[in-house]
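Asks: Numbering (the working numbering), first residue to last: 35 to 697. Ideal placement from N, C-alpha and C gives every residue a C-beta, glycine not left out. Mind having a look at this structure? Questions to follow.
This is the structure in structure tokens:
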């Protein structure tokens, strides 16, 4: 937390009963060396406390950092101060390297402490005060690992001697102090938080496990919570992992217990949710203020729920009591912790029965999970890909019962691209699924589940390979269909132009294209398609290209055929006018279709045979569909010719007053 020195001194002068006057003389290097970690001491509430029976409201006292907090950067340093700061940093770095060289495995952190508070009753001379202000107090936080060679007292004594020797070598003004992390824990258990506050106001020099950073954010958050809810906070407890220092943790866990026994104006659920929201928000504020890059998790409990969980022997609460370390306690947490240690807190008979029943229920649930793994997960893991393979082949989604038979009939027998053993695996899983469904199988062993899993893994790998085989066959089949369509439309086009198609289709078509002055790319495309048809090892990209070229070829040839048929059809069509209506004769081979009224295309269509003498015989009713089908199936049309005898027949159809329309 960044605090302007002027604000700090102003508060110190206004609150002499809470801050020792000596703290006004904190050397400037503490502010400068780490401006983000100087934490303001806990402030008293800025407003009156709420009356009994009511919790503080969010709109009452301000949330966030304590009064006097100012995030502004330190003022611009003079050259002399910068020089002093640089020298101090060099000394501390040198001290750190010397300590780590000998105690790296044991050191949890090294930090620059604020000056120790001076006893107001102690009278010091000016020289003593001046010498004291120049001291550089440094704390080396260690973790003693018990061993046969050295006991704890010998270890600490040796550590302090070596630290003093190192400090005197570098700078006699460095005053080192060592503390084991267990000592810090014991001081918190004894409700002595002086060192914790000093750590929160210190400037870390070495903190590889983020232990000092965790103390900082916890202290800032604690001060914010106590400032807002001081009367109601029963305990503020840190998780035991904070004091172990055995590994670098990614998060910090703290627990806040709030007294709710005299709250009457809201339900306990509403109270718990409001408290949780406010305290968690303060946690985010504390992380932002201290700029500690660690996950800070705050668990909020109300006292009544905590007591109920304790009676029910909730394992989380027991762990919380057994391993937690209080950073603030009003005489509730520590007695419970000691009673638990003495064995005086025992679960109720109801809690014992509940835990016993819970074990049986969990075992039953485990057995049910093993069954569900086969009846739900493994079964559908095999069934769904199987149905997908059949859909990829071109079938509609089959039912589960049909899937197995279709897999056998199509992929095993017809296409011969799948082995029977894989279908048997699917059949085995489905059989087990139905037995579980009808409760014929009530339990499965882990070995049986492992066997199903192994088969499922093998089946899915084979299905992936089957997908590739189906895709390859489908692509080849699609190409073959396009190729057949290309050959068919080519032959039809040549027949429309009254050319005979022989065995050498490519050469004939090339001659045909040249004679009719069509695009030469048509002949080239046909050659490439024939070549691709003969090549059995085409890549996917080559097949796609051939299919694309084939579709373009078919479209072009259809246009040629339709254009030619349209021209010939006009020649084979005669229009007739009678009265105020128009009719039409369409000659197709030896058949003529007679449409009496072209304004009504779906009615009045007849057909007749044209005899060798040019007469119309067997005039019968027809329809538009028959006419269109006949036109589509006819490759060439002959020019319409009307004989004198046919004129007489047309007179019978259209009446006396009829005439031909000549284009």
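Among all the DSSP beta bridges, which residues are the ones paired with residue 466?
Replies: Stepping through the chain shown from its first residue, residue 466 is reached at position 432. Answer by DSSP bridge pairing: none, since residue 466 is not bridged.
Asks: Report buried or exposed for residue 186, applying the criterion of at least 16 other Cβ atoms within 10 angstroms of its Cβ.
Replies: Taking the chain shown and counting its residues from 1, the one referred to as residue 186 is at position 152. With fewer than 16 Cβ atoms within 10 Å of its Cβ, residue 186 is classed as exposed.
Asks: To the nearest angstrom, how far is it from the Cα of residue 459 to the Cα of residue 472?
Replies: Here residue 459 refers to the residue found at position 425 of the chain shown. Here residue 472 refers to the residue found at position 438 of the chain shown. If you take the alpha carbons of residue 459 and residue 472, they lie about 20 Å apart.
Asks: Based on Cα-Cα distance, which residue from 609, 407, 647 and 657 lies nearest to residue 639?
Replies: Against the chain shown, residue 639 aligns to sequence position 605. Minimum Cα distance to residue 639 is reached at 657.
Asks: Threshold first: 4 residues or longer. Then list the alpha helix (DSSP H) segments lying entirely within the stretch 453-499, N to C.
Replies: The qualifying runs are 454-471.
Asks: Keeping to the same chain, check which residues put their C-beta closer than 7 Å to that of residue 316; ignore five residues upstream and five downstream.
Replies: Position 282 of the chain shown, counted from the first residue, corresponds to residue 316. Cβ within range, chain order: 97, 255, 258 and 259.
Asks: Compute the distance between the beta-carbons of residue 360 and residue 367, then report whether it is under 8 Å.
Replies: Counting from 1 along the chain shown, the entry for residue 360 is found at position 326. Counting from 1 along the chain shown, the entry for residue 367 is found at position 333. Yes, Cβ-Cβ distance for residue 360 and residue 367 is below 8 Å.
Asks: Determine, using beta carbons only, whether residue 338 and residue 233 come nearer to each other than 8 Å.
Replies: What you label residue 338 is simply residue 304 of the chain shown in a count that begins at 1. What you label residue 233 is simply residue 199 of the chain shown in a count that begins at 1. Cβ distance not < 8 Å, so residue 338 and residue 233 don't count as in contact.
Asks: So is residue 269 buried or exposed if we call it buried at 16+ other beta carbons inside 10 Å?
Replies: As a first step, residue 269 must be located in the chain shown, where it is residue number 235. Classification of residue 269: buried, given that the 10 Å Cβ count is 16 or more.
Asks: Buried or exposed: residue 350, going by 16 or more other Cβ atoms within 10 Å of its Cβ?
Replies: For this step, residue 350 is matched to residue 316 along the chain shown. The residue is exposed, with fewer than 16 neighbouring Cβ atoms inside 10 Å.
Asks: Just list the beta strand (DSSP E) runs in the stretch 294-358, keeping only unbroken ones of 3 residues or longer that don't cross its boundaries, in chain order.
Replies: Runs of the beta strand (DSSP E) inside the stretch 294-358: 329-336.
Asks: Given this structure, state the Cα-to-Cα distance separating residue 515 from residue 453, to the nearest angstrom.
Replies: Sequence index remark: in the chain shown, residue 515 carries index 481 (1-based). Sequence index remark: in the chain shown, residue 453 carries index 419 (1-based). Taking the straight line from one Cα to the other gives about 28 Å.
Asks: Work out the CA separation of residue 541 and residue 642 for me, nearest whole Å.
Replies: Taking the first residue of the chain shown as 1, we reach residue 642 at position 608. Taking the first residue of the chain shown as 1, we reach residue 541 at position 507. Spanning the two alpha carbons is a distance of roughly 41 Å.
Asks: State whether the stretch 408-422 contacts the stretch 377-397, with contact taken as three or more CB pairs (one from each stretch) at a distance under 8 Å.
Replies: The stretch 408-422 vs the stretch 377-397: no contact.
Asks: Do the CB positions of residue 444 and residue 427 come within less than 8 Å of each other?
Replies: In the chain shown, residue 444 corresponds to position 410, counting from 1. In the chain shown, residue 427 corresponds to position 393, counting from 1. In contact: residue 444 and residue 427 (Cβ atoms closer than 8 Å).
Asks: Identify every run of the alpha helix (DSSP H) within the stretch 384-419, keeping only runs that are complete inside it and at least 4 residues long; order them along the chain.
Replies: The qualifying runs do not exist here; there are none.
Asks: Please work out which residues of its chain come closer than 8 Å, Cβ to Cβ, to residue 588, disregarding the five sequence neighbours upstream and downstream, and give them in chain order.
Replies: As a working mapping, residue 588 is identified with position 554 in the chain shown. For residue 588, where only same-chain residues beyond five positions count, the Cβ hits under 8 Å are 516, 519, 520 and 523.
Asks: Answer yes if the stretch 546-558 comes into contact with the stretch 581-597, meaning at least three C-beta pairs across the two stretches below 8 Å, and no otherwise.
Replies: Yes, since at least three Cβ pairs between the stretch 581-597 and the stretch 546-558 fall closer than 8 Å, the two stretches touch.
Asks: Taking contact to mean 3 or more Cβ pairs, one atom from each stretch, closer than 8 Å, check whether the stretch 675-690 and the stretch 609-617 are in contact.
Replies: They touch, by the three-pair rule.
Asks: What would DSSP say about residue 257, mapped onto helix, strand or coil?
Replies: Taking the first residue of the chain shown as position 1, residue 257 is located at position 223. Helix at residue 257.
Asks: Counting only the same chain and skipping the five closest in sequence on each side, list residues whose C-beta sits under 7 Å from that of residue 653.
Replies: Translated into the one-based positions of the chain shown, residue 653 becomes position 619. The answer, listed in chain order, is 640 and 642.
Asks: How far does the beta strand (DSSP E) with residue 232 in it extend, from its first residue to its last?
Replies: Residue 232 sits at position 198 when you count from the first residue of the chain shown. Premise fails: residue 232 lies in the alpha helix (DSSP H), 228-234, not in any beta strand (DSSP E).
Asks: Just list the residues that DSSP pairs residue 608 with in beta bridges.
Replies: Here the question's residue 608 lines up with position 574 in the chain shown. According to DSSP, residue 608 bridges with 619.
Asks: Let me see if you follow: with CB-CB separation under 8 Å, is residue 683 close to chain D or not?
Replies: The chain inventory of the structure shown lacks chain D, comprising one protein chain alone.
Asks: Quick one, are the C-beta atoms of residue 323 and residue 286 less than 8 Å apart?
Replies: Residue numbering aside, residue 323 sits at position 289 when the chain shown is read from its first letter. Residue numbering aside, residue 286 sits at position 252 when the chain shown is read from its first letter. Not in contact: residue 323 and residue 286 (Cβ atoms no closer than 8 Å).
Asks: What does residue 238 pair with, by DSSP beta-bridge criteria?
Replies: If you number the chain shown from 1, residue 238 lands on position 204. Residue 238 pairs with 145.
Asks: What would DSSP say about residue 430, mapped onto helix, strand or coil?
Replies: Mapped onto the chain shown, residue 430 falls at position 396. Looking at residue 430 - three-state DSSP - the assignment turns out to be coil, as it is neither helix nor strand.
Asks: Can you name, in chain order, every residue of its own chain whose Cβ lies under 8 Å from the Cβ of residue 370, other than the five neighbours on each side?
Replies: Numbered from its first residue, the chain shown carries residue 370 at position 336. Closer than 8 Å at Cβ, skipping near neighbours: 344, 355 and 379.
Asks: Can you look up residue 550 in the DSSP assignment and give me helix, strand or coil?
Replies: As a working mapping, residue 550 is identified with position 516 in the chain shown. Reduced to three states, the DSSP call for residue 550 is coil.
Asks: For residue 425, count neighbouring C-beta atoms within 10 Å of its own C-beta (all shown protein chains included) and say buried if the count is 16 or more, exposed if not.
Replies: Position 391 of the chain shown, counting from 1, holds the residue named residue 425. Its Cβ having fewer than 16 others within 10 Å, residue 425 is exposed.
Asks: Would DSSP call residue 583 helix, strand or coil?
Replies: Position 549 of the chain shown, counting from 1, holds the residue named residue 583. The answer is helix: DSSP assigns residue 583 an H, G or I state.
Asks: Within the continuous beta strand (DSSP E) that includes residue 639, where are the two ends?
Replies: For this step, residue 639 is matched to residue 605 along the chain shown. Its beta strand (DSSP E) spans residues 639-644.
Asks: Given this structure, state the Cα-to-Cα distance separating residue 352 from residue 225, to the nearest angstrom.
Replies: On the chain shown, position 318 is the one that residue 352 refers to. On the chain shown, position 191 is the one that residue 225 refers to. Taking the straight line joining both Cα atoms gives about 21 Å.
Asks: With which residues is residue 627 paired in a DSSP beta bridge?
Replies: Translated into the one-based positions of the chain shown, residue 627 becomes position 593. BP columns for residue 627 point to 620 and 641.
Asks: Report the rounded CA-to-CA distance for residue 538 versus residue 625, giving the unit in angstroms.
Replies: Along the chain shown, read from residue 1 onward, the residue named residue 538 stands at position 504. Along the chain shown, read from residue 1 onward, the residue named residue 625 stands at position 591. Computed Cα separation, rounded: 34 Å.
Asks: Under 8 Å by Cβ, that's how I've got residue 335 and residue 289 pegged, so tell me the actual separation to the nearest angstrom.
Replies: Here residue 335 refers to the residue found at position 301 when the chain shown is read from its first residue. Here residue 289 refers to the residue found at position 255 when the chain shown is read from its first residue. Confirmed, about 7 Å.
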